[in-house]
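Chemist: Structure incoming, see below.
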Amino acid sequence: MQRKILWVALALLAALVFAGVSLAASGIRIVVDGKALDVREARLEGGRVIVPLRPVLEAMGAEVRWDKASKTVFITTRSVAKTSQPAAQPSGLGIDPASWAERYPAEYQTYLLNNQGGVEHSKYRGSDNFDRNSAWPFQWVLYDGWGMGKQYTESRGHTLALVDQLEINPARRAAGGVCLSCKTPAAPQLKEKMGVDYYRLPYDEVYKQIPQEYNKLGVSCIDCHDPQTQELRITRWPLTEALARMQGVPASFTQSQKASLACAQCHVTYSIPKDKDKKSIGLVFPWDGARWGGITVEDIERNIKEQGLYEWTHAVTGLRLGHIRHPEFELFTNNSPHYRMGLSCASCHMPKVEVNGQTVSSHQWTSPFKQDLVACRSCHQEGAEALKQKVIAIQDRTNELYTEAGFTAAQAAKAIEMANKTLAADQQLLAQAKEAYEKAYYRVVFVGAENSMGFHNPAEAERVLKDGLAYAREAETKARQALEKAGVTPPAAFDLELNKYPYDPAQNRAAGHREQ
723 MQRKILWVAL ALLAALVFAG VSLAASGIRI VVDGKALDVR EARLEGGRVI VPLRPVLEAM
783 GAEVRWDKAS KTVFITTRSV AKTSQPAAQP SGLGIDPASW AERYPAEYQT YLLNNQGGVE
843 HSKYRGSDNF DRNSAWPFQW VLYDGWGMGK QYTESRGHTL ALVDQLEINP ARRAAGGVCL
903 SCKTPAAPQL KEKMGVDYYR LPYDEVYKQI PQEYNKLGVS CIDCHDPQTQ ELRITRWPLT
963 EALARMQGVP ASFTQSQKAS LACAQCHVTY SIPKDKDKKS IGLVFPWDGA RWGGITVEDI
1023 ERNIKEQGLY EWTHAVTGLR LGHIRHPEFE LFTNNSPHYR MGLSCASCHM PKVEVNGQTV
1083 SSHQWTSPFK QDLVACRSCH QEGAEALKQK VIAIQDRTNE LYTEAGFTAA QAAKAIEMAN
1143 KTLAADQQLL AQAKEAYEKA YYRVVFVGAE NSMGFHNPAE AERVLKDGLA YAREAETKAR
1203 QALEKAGVTP PAAFDLELNK YPYDPAQNRA AGHREQ
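Our numbering applies: residue 723 is where the sequence shown begins, and numbers increase by one.
Laid out in C-alpha cells, this is it:
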C-alpha cells in the first residue's frame, strides 16, 4: 500500500511540475494541458503546494470516486476507466434481451438456450439444481453456521440466475442487496441510486426496487455490451475498483482480455465488508496487491485477513471466517495452459456456431460438453468423446484430492470442536490448530467453489489442494495434541454426524462416495 501511495504522490508532483503551477499575488494557479483549473482550495503551506486530488486527477483523465461507507478514495487511471460504464437503459437496445433480438436474431436464439437445464452432459456440475453439500458431504461440516450450510444448490444458468436466487433458502440472502449484484442487470442503477442502503437493506427491500418488467430477468446483453456501440464493457463497479488496486494491469486490453473481463464481472470470488453491527456495507474483490495474470489463493487469504473481511462464524470451530466464491477468473488467468495460449473464457464457452446459415458466437454460456466440444475441436484433433474423457480424467484426479482434503478438514474441525469443549485443552496448540484450519478452509473451498473441478488450471488446483490437505492435517494434529495434553484421548476418527444435516446420500459425488 505504501508503494501505491508513493506512486500517487510522485504522479501528482510530476503533474504539477509539467502542467505548470505558478504563484500569483492573488493566489495559486493550476494549469493542466494549457487549461486553468478553478481550484480555490489550493494553498502554500510550509514551502509546499497543497492541492485537492480530485480536480487535478480528473483533468488528467483519471476517474476519482469516494466511497463513504469504506472511507476509501478509488483512483482509476488505466483504460479500464473508459471501459467501465453504468448499465443505464438507452433508447432502442435496452435491459430486455428481446430488444436486441431484431438486430442480433442468431445470437438471441443461442441466448435463449441458457434456459435449458441438463445434468447428463457433466459428471460434476451440470445445469440443473442439485444439492452441492450432499454431493461432497464434508461441506455440511465446513459450512455449518451460515446460509450455505442450510442450502447450497447448483445454479441452472445465467438467464435463470435471479429466479434461482429467489427460490433458495432466505438465509442465503442474508447479505442484503449485495446478493443481487450479479443476478440482475438493474444492479448498477440500484447501487447508484441507493448508495450504502443498496448493501445494508434486506434483500427483499432492495429487490422491490427492480422494475416489475425485469424482476425475473437474469444476465442480459446490456451487462456486457455497450448498447450504442455493442462493444464489450464493464458494468460492475467492484471489478473496475479491483483492477485499479492490482499490479501489472495492462494500459489497454486486448479483445481476448476484454472477453474474459466481461465474465470476470461475476465469475470471481468476492467479499462483503461488514460494519460493527455485521451489516453489509460494500462489495469488493479481494485482489489488492495481486498481480495481473497471477491472482492466487494466498492473495485472497491475505486480503481477507488484512482487511478483516470476515463474514460468518463457523458453528463447529467457533472461528470467524471469510469465504471464497466461484473463482473461475482467478484460477484460469493464473498461468493456466489455455490462458498462456492467449485464449479467453469466451474461446471455450462461446464457440462459433451456425444459426440459420449465419456463423455467430454462441451466447449460450455453458460447459463445452453441452456443445459437443465444438470449441475444443477447433484446436484439438481428437474426436468429441476422446476429448471428453481427457477432461473427465483431469477432473477425477482433482476430485480425489478435493475429497481427501475436504474430509481431512472436516476431521480437523471436529477435533477443534472437541478441544473447545475441553477446559484443560492446551490453548497455544488449539490456537495453532485454528490458524491452520482457516488456511485449509480457504484452499479447500477455493477449488470446490470453482466451477471446473480443476480443469481451468489443473496444476494450480492440485497445488492449492495439496496445501489445503497439509494445513488440514496440521490442524487436526494440533487439536489432538491439545486434547492429549489435557489427558483426553480423542477418537481414532471423529463422527461427522451427517445425520444432523439434510444429507442426501443419493447425491454424493465425492471420490469413492465417501461419507467420513
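No residue lacks a Cβ here, since even glycine has one placed at the ideal position from N, Cα and C.
Since we're looking at a predicted model, the values are computed, not measured.
Per DSSP, what kind of secondary structure is Thr875 in: helix, strand or coil?
Modeler: Sequence index remark: in the sequence shown, residue 875 carries index 153 (1-based). Three-state result, Thr875: strand.
Chemist: Any idea if Ile1017 is buried or exposed, counting beta-carbon neighbours within 10 angstroms, 16 or more meaning buried?
Modeler: Indexing the sequence shown from 1 puts residue 1017 at position 295. The residue is buried, with at least 16 neighbouring Cβ atoms inside 10 Å.
Chemist: Hey, quick one: how far does the alpha helix (DSSP H) through Lys1161 stretch, first residue to last?
Modeler: Residue numbering aside, residue 1161 sits at position 439 when the sequence shown is read from its first letter. First-last of the alpha helix (DSSP H) with Lys1161: 1149–1171.
Chemist: Tell me the DSSP bridge mates of Lys996?
Modeler: Residue numbering aside, residue 996 sits at position 274 when the sequence shown is read from its first letter. Looking at the DSSP assignment, Lys996 forms a beta bridge with Ser1002.
Chemist: Check whether the Cβ atoms of Cys985 and Cys901 sit closer than 7 Å, and answer yes or no.
Modeler: Here residue 985 corresponds to residue number 263 of the sequence shown, with the count starting at 1. Here residue 901 corresponds to residue number 179 of the sequence shown, with the count starting at 1. No.
Chemist: Going by CA-CA distance only, name the one from Met1063, Tyr936, Glu829, Cys988 that's closest to Glu1172.
Modeler: Numbered from 1 along the sequence shown, position 450 holds the residue referred to as residue 1172. The residue with the shortest Cα to Cα distance from Glu1172 is Cys988.
Chemist: Determine whether the beta carbon atoms of Asn1121 and Gly1040 lie at a separation below 7 Å.
Modeler: Mapped onto the sequence shown, residue 1121 falls at position 399. Mapped onto the sequence shown, residue 1040 falls at position 318. In this structure, Gly1040 does not lie closer than 7 Å to Asn1121 by Cβ.
Chemist: Strictly by DSSP, which residues pair up with Asp853?
Modeler: Here residue 853 refers to the residue found at position 131 of the sequence shown. DSSP lists Thr875 as partners of Asp853.
Chemist: In terms of residues, what are the limits of the alpha helix (DSSP H) holding Arg1119?
Modeler: By one-based count along the sequence shown, residue 1119 stands at place 397. Per DSSP, Arg1119 belongs to the alpha helix (DSSP H) from 1106–1142.
Chemist: Straight-line CA distance for Gln1111 to Glu1104?
Modeler: Here residue 1111 is taken as the residue at index 389 of the sequence shown, counted from 1. Here residue 1104 is taken as the residue at index 382 of the sequence shown, counted from 1. In a straight line, the C-alpha of Gln1111 is about 11 Å away from that of Glu1104.
Chemist: Between which two residues does the beta strand (DSSP E) holding Gln931 run?
Modeler: If you number the sequence shown from 1, residue 931 lands on position 209. Segment: none, Gln931 is in no beta strand (DSSP E) and carries neither H nor E.
Chemist: Excluding five sequence neighbours on each side, which residues of the same chain lie with their C-beta closer than 6 Å to the C-beta of Val1077?
Modeler: As a first step, residue 1077 must be located in the sequence shown, where it is residue number 355. Hits under 6 Å: Ala828, Gln831.
Chemist: Can you name the start and end residues of the beta strand (DSSP E) that Gln1080 belongs to?
Modeler: Counting from 1 along the sequence shown, the entry for residue 1080 is found at position 358. Segment 1080–1083, the beta strand (DSSP E) holding Gln1080.
Chemist: Flag this pair as touching only if the region 957–969 and the region 853–870 have three or more C-beta atom pairs under 8 Å; answer yes or no.
Modeler: Contact fails: fewer than three Cβ-Cβ distances are below 8 Å.
Chemist: Specify, as a first and last residue, the run of the alpha helix (DSSP H) that Ile772 falls within.
Modeler: Within the sequence shown, numbered from 1, the residue matching residue 772 stands at position 50. It is not in any alpha helix (DSSP H) - Ile772 instead sits in the beta strand (DSSP E) that spans 770–772.
Chemist: I'd like to know whether the C-beta atoms of Asn836 and His880 end up nearer to each other than 7 Å.
Modeler: Counting from 1 along the sequence shown, the entry for residue 836 is found at position 114. Counting from 1 along the sequence shown, the entry for residue 880 is found at position 158. Yes.
Chemist: Run through DSSP, which three-state label would Gln1029 get?
Modeler: Walking along the sequence shown from the start, residue 1029 turns up at place 307. Correct three-state label for Gln1029: coil.
Chemist: Count the other C-beta atoms from every protein chain shown that fall within 10 angstroms of the C-beta of Cys1101, then say buried if there are 16 or more, exposed otherwise.
Modeler: On the sequence shown, position 379 is the one that residue 1101 refers to. So Cys1101 counts as exposed.
Chemist: For Gly917, count neighbouring C-beta atoms within 10 Å of its own C-beta (all shown protein chains included) and say buried if the count is 16 or more, exposed if not.
Modeler: Stepping through the sequence shown from its first residue, residue 917 is reached at position 195. The residue in question, Gly917, is exposed, as its Cβ has fewer than 16 Cβ neighbours within 10 Å.
Chemist: Would you check if the distance between the CB atom of Ala1146 and the CB atom of Ala1232 is smaller than 7 Å?
Modeler: By 1-based counting over the sequence shown, the position of residue 1146 is 424. By 1-based counting over the sequence shown, the position of residue 1232 is 510. No, the pair does not count as a contact, with Cβ atoms beyond the cut-off.
Chemist: If distances are taken between C-alpha atoms only, which option among Glu1182, Val1169, Met1175, Ala1192 comes closest to Ala1155?
Modeler: Walking along the sequence shown from the start, residue 1155 turns up at place 433. It is Ala1192.
Chemist: Quick one: what's got a C-beta closer than 7 Å to Asp1010's C-beta in the same chain, skipping five residues either side?
Modeler: For the purposes of this step, residue 1010 is taken as the residue at position 288 of the sequence shown. For Asp1010, where only same-chain residues beyond five positions count, the Cβ hits under 7 Å are Arg967, Asn1025.
Chemist: Can you tell me which residues form a DSSP beta bridge with His947?
Modeler: Counting from 1 along the sequence shown, the entry for residue 947 is found at position 225. In DSSP, His947 forms a bridge with Leu954.
Chemist: Whole angstroms are fine: how far does the CA of Arg847 sit from the CA of Thr1125?
Modeler: Within the sequence shown, residue 1125 is the residue found at index 403, counting from 1. Within the sequence shown, residue 847 is the residue found at index 125, counting from 1. So the two alpha carbons sit approximately 15 Å from each other.
Chemist: Output needed for Pro1073: all residues of its chain with C-beta closer than 8 Å, excluding positions within five of it in sequence on either side, in chain order.
Modeler: By 1-based counting over the sequence shown, the position of residue 1073 is 351. Excluding residues within five positions, the ones whose Cβ falls inside 8 Å are Ser1083, Ser1084, Pro1090, Gln1093, Val1096, Ala1097, Ser1100.
Chemist: Give the list of continuous alpha helix (DSSP H) stretches no shorter than 4 residues that lie fully inside the region 1167–1220.
Modeler: For the region 1167–1220, whole alpha helix (DSSP H) runs of length 4 or above, ordered along the chain, are 1180–1207.
Chemist: Assuming Ala1162 contacts Ala1131 under a Cβ cut-off of 8 Å, what Cβ separation, rounded to an integer in Å, is found between them?
Modeler: By 1-based counting over the sequence shown, the position of residue 1162 is 440. By 1-based counting over the sequence shown, the position of residue 1131 is 409. Sure, about 5 Å apart at Cβ, within 8 Å.
Chemist: Using only alpha-carbon positions, find the residue among Gln952, Asp999, Gln950, Glu914 that is nearest to Ala958.
Modeler: In the sequence shown, the residue the question calls residue 958 occupies position 236. A small fix is needed here, since residue 958 is Arg in this sequence, not Ala. When only C-alpha atoms are compared, the closest one is Glu914.
Chemist: By Cβ distance below 7 Å, which residues in the same chain neighbour Pro995 in space, the five residues on each side in sequence not counted?
Modeler: Indexing the sequence shown from 1 puts residue 995 at position 273. Ser792, Ile1003, Gly1004, Val1006, Leu1031, listed in sequence order.
Chemist: Report the CB separation of Leu884 from Gly940 in whole angstroms; it is logged as a contact under 8 Å.
Modeler: Counting from one through the sequence shown, the residue named residue 884 turns up at place 162. Counting from one through the sequence shown, the residue named residue 940 turns up at place 218. Indeed, because the Cβ distance is near 5 Å, the residues count as touching under 8 Å.
Chemist: For Lys845, I'd like the list of residues in its chain whose CB is within less than 7 Å of its CB, leaving aside the five on either flank, ordered along the chain.
Modeler: What you label residue 845 is simply residue 123 of the sequence shown in a count that begins at 1. Closer than 7 Å at Cβ, skipping near neighbours: Ile1114, Gln1117.
Chemist: Please report how far the alpha carbon of His1036 lies from the alpha carbon of Arg1042, in whole angstroms.
Modeler: To locate residue 1036, count along the sequence shown from 1; it is residue 314. To locate residue 1042, count along the sequence shown from 1; it is residue 320. Taking the straight line from one Cα to the other gives about 6 Å.
Chemist: What does DSSP give as the partner residue(s) for Arg895 in the beta ladder?
Modeler: The residue given as residue 895 occupies position 173 in the sequence shown. Partner(s): none; Arg895 has no beta bridge.
Chemist: Going by alpha carbons, who is nearest to Thr1199 out of Glu1157, Tyr1164, Glu1052?
Modeler: Indexing the sequence shown from 1 puts residue 1199 at position 477. Comparing Cα-Cα distances from Thr1199 to each of Glu1157, Tyr1164, Glu1052, the minimum goes to Glu1157.
Chemist: Count the other C-beta atoms from every protein chain shown that fall within 10 angstroms of the C-beta of Leu745, then say buried if there are 16 or more, exposed otherwise.
Modeler: Within the sequence shown, residue 745 is the residue found at index 23, counting from 1. Caution applies to Leu745, whose pLDDT of 38 falls short of 50 and renders its modelled position unreliable; the value that the coordinates give is listed next. With fewer than 16 Cβ atoms within 10 Å of its Cβ, Leu745 is classed as exposed.
Chemist: Quick check on Arg765: does DSSP put it in helix, strand or coil?
Modeler: Looking up residue 765 in the sequence shown gives position 43. Arg765: strand per DSSP, three-state reduction.
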